[in-house]
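Numbering (the numbering used here), first residue to last: 16 to 149.
Data block below; observations after.
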């Protein structure tokens, strides 16, 4: 029970890409992960943040458990957490680590291919300086 934070009711969390420098720095690993941000309402935010701190002190991973848009259970590793008090109650701010989606990887590969194609058409000065060996 201590290795997860479960959303027991409400809609699927809305995940946003984060471009904060410190949050991207949490992604130091051999794999390319996305760092996502979400906010969830809670009644015990400080206790949930403390649960994260205890897991991290043990070098363990703590997960956010939730149901996706299709109703299937998913879990995503939490890399940072903060609790804030608002006029509407406590809100838990979570930064999560997630592998890029297939669509993200396709988009990355397409942009890399376009950059490589542009490199192939540099100024050649009509063959000057080119040497061919036969």
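Just so it is clear, CB atoms sit at the ideal spot from N, CA and C, and this is done for glycine as well.
Proximity test, Cβ basis, 8 Å: residue 78 and chain D: Any reference to chain D falls outside this structure, which holds one protein chain only.
Cβ contact check for the segment 45-65 and the segment 104-116: 3 or more pairs under 8 Å: yes
CA-to-CA distance, residue 102 to residue 87, given in whole angstroms: 32 Å
Beta-carbon proximity check, residue 105 vs residue 58, cutoff 8 Å: yes
Closest Cα partner of residue 92 within the set 24, 84, 100 and 74: 74
Enclosing beta strand (DSSP E) for residue 104 [first to last residue]: 104-113
Residue 72 in three-state terms, based on DSSP: helix
Three-state secondary structure assigned by DSSP to residue 84: coil
Residue nearest to residue 19 in terms of C-alpha spacing, selected from 76, 54, 28 and 85: 76
Where the beta strand (DSSP E) through residue 57 begins and ends: 49-57
Secondary structure of residue 61, DSSP reduced to three states: helix
Outcome for residue 149 when other beta-carbon atoms lying within 10 angstroms are tallied against a minimum of 16: Because the pLDDT of residue 149 is 38, which lies under 50, any placement of that residue in the model is unreliable, and the number read from its coordinates should be weighed accordingly. With fewer than 16 Cβ atoms within 10 Å of its Cβ, residue 149 is classed as exposed.
Status (buried if at least 16 other CB within 10 Å, exposed otherwise) for residue 28: By the 10 Å Cβ count, residue 28 comes out buried.
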